[in-house]
Structure formats: C-alpha cells, structure tokens
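All remarks here apply to the structure that follows.
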Amino acid sequence: MTAELEKKAREWLIERGVQVEDIAELVHFLQEKYYPGLTMDRCIYNVERVLSKREVQNAILTGIQLDVLTEQGKLEQPLQDNLARDESLYGIDEVIALSIINLYGSIGFTNYGYIDKQKPGILAKLNDKSSGECHTFLDDIVGAIAAAAASRLAHSQNDEENIDG
1 MTAELEKKAR
11 EWLIERGVQV
21 EDIAELVHFL
31 QEKYYPGLTM
41 DRCIYNVERV
51 LSKREVQNAI
61 LTGIQLDVLT
71 EQGKLEQPLQ
81 DNLARDESLY
91 GIDEVIALSI
101 INLYGSIGFT
111 NYGYIDKQKP
121 GILAKLNDKS
131 SGECHTFLDD
141 IVGAIAAAAA
151 SRLAHSQNDE
161 ENIDG
C-alpha cells in the first residue's frame with residue numbers, strides 16, 4: 001500500500017505540472033545564501049526524502065483531489081466558490097501545508113511563510129488563475145514540501161558541521 005500511495009502521489013504531481021526538479025529549485029532558492037555551493041542534486045535528494053513520507057503523500061492526494069473536484073464544479077456551495085477563488089480567509093489549504101512542515105521542525109514555518117509570499121518558480125505558475133486550473137491546495141502543498149526539504153537540508157547541514165567540527 002505504501003509504495004502505491006507514493007507512486008500515485010508522484011503521478012498526480014506530474015499530471016498537475018509539478019516535477020521534483022521544480023520543487024528542488026524552490027529549495028535552492030530558500031537555502032542558496034546559507035550554503036554556498038549548494039547543488040541541485042542535494043536539493044533533489046532532500047525533496048525525495050520529504051516525498052517518501054506517508055503524511056506528505058496523503059496531503060498531496062487530498063489537496064489535488066479537492067483542486068480537481070473544484071475545477072469540475074463538483075463541490076457544494078459555498079465551498080465550490082471559496083476554493084475556485086482561493087479565498088484568502090479559507091485557510092484549510094494552509095493547514096494541510098502546515099501538516100507537512102510540522103514533520104521537520106520550526107524552521108520550516110519561516111521557510112514556508114517566505115516562499116508563500118515570494119512565489120518563485122513553479123509557485124508563480126500554480127498561482128496563475130488565468131490558466132483555468134485550480135491549484136488552491138497544490139500551491140501550498142508544493143511550497144510546504146520545498147520548505148520541509150529546506151528544513152531537512154538545514155538540519156542535515158548542522159549535523160554534518162557538528163560531526164566535522
């Protein structure tokens with residue numbers, strides 16, 4: 001079941017236009033000034049580790065399913081309009097994102113807040129309402145995965161420094 005869950009979550013990300021490399025670019029954006037010489041391979045590795053968590057996979061599947069149902073107009077009012085507009089006071093999309101960030105400690109909250117405001121890379125594309133697609137949940141989930149991977153990277157870097165020094 002676990003392998004199926006991860007496979008489906010990864011498939012749905014790709015179907016919605018999100019590649020692991022897109023998320024890794026967000027990790028790089030968040031951490032490059034703290035880790036000179038940070039490679040994309042290291043960012044990808046940390047994204048992959050976050051994506052391997054069952055809680056993250058469940059968040060991806062839940063959020064994407066709600067986005068798709070919203071696009072199809074299959075939700076009841078007022079939820080349909082709230083999700084279609086990405087209503088700023090709705091907040092449940094952020095709650096799901098925070099469930100991902102909680103896995104990697106408090107630094108993730110700072111990373112998430114920053115990237116959610118800046119909306120670099122894939123987040124700008126996911127937030128573009130002109131496409132006709134709904135990414136009310138997915139943009140926050142992708143930002144949270146990046147923030148969690150950046151936190152994981154920071155923690156692992158700190159561990160390496162403590163071992164070496």
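Using UniProt numbering, the letters of the sequence shown map in sequence onto residues 1 to 165.
Glycine included, every Cβ here is placed at the ideal spot set by N, Cα and C.
Would a C-beta distance cut-off of 7 Å place residue i and residue j closer than the cut-off?
i	j	result
residue 141	residue 24	no
residue 51	residue 70	no
residue 105	residue 151	yes
residue 30	residue 111	yes
residue 9	residue 65	no
residue 100	residue 148	yes
Where do the N-terminal and C-terminal ends of the alpha helix (DSSP H) with residue i fall, by residue?
i	result
residue 93	92-101
residue 109	107-118
residue 166	No information on residue 166 is available, as it lies outside the stretch 1 to 165 that the chain covers here.
residue 48	40-51
residue 67	54-71
residue 126	122-126
residue 80	79-85
Out of curiosity, what's the CA-to-CA distance linking residue i and residue j?
i	j	result
residue 107	residue 21	22 Å
residue 54	residue 62	12 Å
residue 32	residue 79	39 Å
residue 11	residue 36	33 Å
residue 118	residue 26	11 Å
residue 67	residue 143	16 Å
residue 136	residue 28	24 Å
Could you check which residue in the options has the C-alpha nearest to that of residue i?
i	options	result
residue 122	109, 132, 146	146
residue 109	119, 118, 97	97
residue 86	15, 129, 9	129
residue 7	48, 112, 137	48
residue 157	19, 3, 16, 42	42
residue 127	5, 57, 16	16
residue 124	72, 74, 18	18
residue 93	134, 3, 4, 46	134
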